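Going line by line, the protein sequences match chains A and B.
Position in the first sequence counted from 1, then plus 1243, gives you this note's numbering.
Position in the second sequence counted from 1, then plus 332, gives you this note's numbering.
Yeah, the Cβ is synthetic: ideal placement off N, Cα and C, and Gly gets one too.
Fair warning: this is a prediction, and the values are worked out from it, not measured in the lab.
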Amino acid sequence: MRPLGFAILVSWLSVARPCAATPAPRADTVVVFTAASLALPFRVALDSFARRTGTVVHQENGASLELARRITDLHRVPDVIALADQEVFPQLLVPRATAWYVRFARNRMVVAYTARSTAATRMTAADWHHTLLRSDVRVGRSDPKLAPVGYRTLLLYRLAEAHYRQPGLAARLERRTPPSLLRANASELVALLQAGELDYIVDYESLARANRLRFVRLPSEIDLGDPALASWYARASVRVVRRTDATTYSGAPIVYAASVPRGAPHPAAGARFLAYLLSPAGQAVLRAQAVDALAIPRFVGDSVPAALHPSKR
Amino acid sequence: MRGRGAHRAAATAVVVGSLILLTLLALPIVALLLRGGAAGLAQLGADRELRGALALTAQTATLATLITVALGTPLAWLLARERMPGGAVVGALLDLPLLIPHPVAGMALLLAFGRASPAGAALAQVGLAIVGSRTGIVLAMLFVAAPLYVSAAREAIARVDERYESVARTLGDSPTRAAWRVTRPLAGRGLLAAAVVMWARAVSEFGAIVILTYNPKVASVLSYDRFTGEGLDAALPVAAVLVILAVVPLLVLRSLRGTAALGEPAR
């Protein structure tokens, strides 16, 4: 190495050396797996929790199904897992990975776009489907095999077909997204939309708000956002065929759920964070981040930690 | 006696150190092959998606490597012979793609060559899109792996004594012709080794590719896809069979390195 390069390296190393002189006191730690669509709201909630309690927080984001697989297949267990679809709990996690989960928030599907999207000025809630069917716009959606937002988009299309009484509408909307414009999860779609690669995406309202995207609110009969319409939503179903199996998903209101899994390395800290998240203060943080927190969280299953008991919160 | 003892201690340290590193590197591969190898090979016959992903991976990685060899070898020569203004700066900049986390590299490529960018608009004019296309896969592989080729090729060329080129020039060759006729064959084995490393790196790329091109799926994306959708036991065979099949070209190329077939004069 030349002398100049060596001098630069040495000076850089002396600057970049971490300050290890004063080790931090051992702090409580909480590791949280969050669905991609919850990444930002949970970041804010975790920061707020860390400030209040001095807990060290670690967050890992991914597609809901992928996060569940990390626990069931890779045996990487967090202290809290928060998923975009409560159905993933009974499908993959209960009873082996956890005995219970709590429904804590709801969301709805929207069609998001940006100011430079083709036909953006003509986009309205009344005829969003006409815009999506235009041949000059590029529509993105998530892979139904990998992410709840993916099969929910297909359910939305089927509900739209029934709601607008337009036979064949769902299939035509589905065909507007070729395989090349499918993505693994909701966040990657947002990135492609922001980069101008897509004109419209079907995604969660919370993500659209958090990323300051333009979006149209769809009729509640099709946006999977109203618990009172559960039986109407259930009319729609979609069969997702994987290589070795097939799953039929029925329409249901979008509900987020969380749990402290069995074998969590810091179960007490995990329960404390969830208790904070379900408290009025935690709900206020979520609502400020456009997550529609449920006023009364609903527990499913048994062996719920005592710290989460309503009387203790 | 003390000298011999020190020698023996040093020899032991060399062997132990090598064994530790080899174990660290080999154990995960062995675990992968034990858990997924047989299933992967058995699956090859029936699993069209897997065969398609493997073929796509091999094609795109080979194309990215060929493009890089064609464009990167002259660049490596310019850098090695210091015939480029600001060559030291260019050399340092060439390492930057290696520093960028791969999903971020995918986003950077999207900003630079996506259809909303001037370059992307020009590419679209000639029918090339980087999102959801083979072009995107090749571009991502090239971005993350080409610096490895150029860096190693520069070293290979620098090891060839420049005086050989000078002799050719006194015999009437132009500088580029001298480099082509004299240095290229002498550096051949080093250039091949550089291309092998680049190819292997390109085959394994995931982060940048998945941002640009989720479909059609290369083997790394298919492996992730299977893990998420079906679990570990569906993902491991994909990765294992990729390793098993990639070993063949790697072994062939590495053994070529050991011969004088590439124009290296016999000693």
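Applying the 10 Å Cβ sphere with the 16-neighbour rule, what's the burial state of residue i?
i	result
A:Asn1350	buried
A:Pro1321	buried
B:Gln375	buried
A:Leu1317	exposed
A:Ser1378	exposed
A:His1373	exposed
B:Val612	Missing from the structure shown is residue 612 of chain B; chain B here goes from 333 to 599 and no further.
B:Thr545	buried
B:Gly273	Past the edges of chain B, shown from 333 to 599, lies residue 273 of chain B, and the structure says nothing about it.
B:Glu414	exposed
A:Pro1284	buried
A:Val1445	buried
B:Ala387	exposed
A:Asp1370	exposed
A:Thr1559	A question about residue 1559 of chain A goes unanswered here, because the residues of chain A that appear run from 1244 up to 1556.
B:Gly335	exposed
In chain order, what residues of the same chain have a beta carbon less than 8 Å from the beta carbon of residue i, not counting five sequence neighbours either side?
i	result
A:Val1345	Ala1500, Ala1501, Ser1502, Leu1517, Leu1521, Pro1540, Arg1541, Phe1542, Val1543, Val1547 and Leu1551
A:Leu1389	Ala1306, Leu1308, Glu1309, Ala1427 and Asn1428
A:Pro1496	Arg1349, Leu1467, Gly1468, Asp1469, Pro1470, Leu1472, Ala1473 and Tyr1476
A:Ala1267	The predicted position of A:Ala1267 is uncertain, since its pLDDT is 44 and thus under 50; a value taken from the coordinates is nonetheless stated next. If we look at A:Ala1267 and ignore the five residues flanking it on each side, it has no Cβ neighbours.
B:Gly601	Since the first residue shown for chain B is 333 and the last is 599, residue 601 of chain B is missing from the structure and cannot be characterised.
B:Val463	Leu442, Gly446, Arg447, Leu544 and Thr545
A:Ala1282	Gln1302, Asn1304 and Ser1430
Would you grab the beta carbon distance between residue i and residue j for me? Rounded to a whole angstrom, and I think it's under 8 Å.
i	j	result
A:Gly1439	B:Arg447	6 Å
A:Val1483	A:Tyr1476	Actually they are not in contact, since the Cβ atoms of A:Val1483 and A:Tyr1476 sit about 17 Å apart, beyond 8 Å.
A:Ser1423	B:Ser465	7 Å
B:Val529	B:Ile541	Not a contact, Cβ separation roughly 18 Å.
A:Ala1403	A:Ala1413	7 Å
A:Ser1280	A:Ser1449	6 Å
B:Glu537	B:His434	7 Å
Using a C-beta cutoff of 7 Å, does residue i count as contacting chain A?
i	result
B:Thr515	no
B:Tyr560	Residue identity differs from the one stated: residue 560 of chain B is Thr in this sequence, not Tyr. Cβ-Cβ to chain A under 7 Å: yes for B:Thr560.
B:Val421	no
B:Tyr546	yes
B:Gly464	yes
B:Gly337	no
B:Leu442	yes
B:Gly563	yes
B:Ala345	no
Kindly say whether residue i, judged by its beta-carbon, lies nearer than 7 Å to any beta-carbon of chain B.
i	result
A:Leu1308	yes
A:Asp1316	yes
A:Gly1383	no
A:Ala1342	no
A:Gly1439	yes
A:Leu1450	no
A:Arg1482	no
A:Arg1418	no
A:Leu1281	no
So, at 7 Å on beta carbons, what are the nonlocal neighbours of residue i in its own chain, with the 5 sequence-adjacent residues on each side left out?
i	result
B:Leu407	Val482
A:Trp1343	Ser1502, Phe1542, Val1543, Gly1544, Asp1545, Ser1546 and Val1547
A:Arg1319	Arg1313
A:Gly1513	Val1273, Asp1322, Val1323, Val1503 and Ala1507
A:Leu1340	Note on residue identity: the sequence assigns Ala, not Leu, to residue 1340 of chain A. Taken in chain order, the residues that qualify are Ile1314, Thr1315, Pro1504 and Arg1505.
B:Val514	Tyr496, Glu497 and Ala500
A:Leu1397	Pro1387, Glu1417 and Val1481
A:Ala1362	Thr1374, Arg1377 and Val1380
A:Arg1535	Reading the sequence as shown, one finds Asp at residue 1535 of chain A and not Arg. These residues qualify, in order along the chain: Ala1348, Arg1349 and Asn1350.
B:Gly404	Ala478, Tyr481, Val482 and Ala485
B:Thr392	Arg466, Ile469, Val470, Met473 and Val550
A:Leu1335	Ala1311 and Thr1315
B:Gly368	Leu568, Pro569, Ala571 and Ala572
B:Ala444	Ala451
Here's a check: name, in chain order, each residue in its chain whose Cβ is nearer than 6 Å to the Cβ of residue i, leaving out the five neighbours to either side.
i	result
A:Phe1292	Phe1516 and Tyr1519
B:Ser449	none
Residues of chain D with a CB under 8 Å from the CB of residue i: which are they?
i	result
A:Arg1312	In summary, chain D is missing from the structure at hand, where the protein chains are A and B.
Under 7 Å, CB to CB, which of the residues in the stretch 467 to 486 of chain B have a partner in chain A? none
To be precise: take each residue of the stretch 359 to 386 of chain B, compare its Cβ to all Cβ atoms of chain A, and keep it if any distance is under 8 Å. Which residues remain? Asp379 and Glu381
Could you run through the stretch 1421 to 1435 of chain A and flag, in chain order, every residue whose CB is less than 8 Å away from some CB of chain B? Pro1421, Pro1422, Ser1423, Leu1424, Leu1425, Arg1426, Ala1427, Glu1431, Ala1434 and Leu1435
Taking beta-carbon pairs under 9 Å, can you tell me which members of the stretch 565 to 579 of chain B lie near chain A? Asp565, Ala566 and Ala567
Against chain A: residues of the stretch 517 to 538 of chain B by CB proximity under 9 Å: none
Check each residue of the stretch 1377 to 1402 of chain A: if its Cβ is closer than 9 Å to any Cβ of chain B, include it; give the result in chain order. Arg1381, Asp1386, Lys1388, Leu1389 and Ala1390
Contact residues within the stretch 1464 to 1488 of chain A, judged by C-beta distance below 8 Å to chain B: Arg1485, Arg1486, Thr1487 and Asp1488
Residues from the stretch 445 to 463 of chain B in contact with chain A, defined by Cβ distance under 7 Å: Gly446, Arg447, Ala448 and Val463
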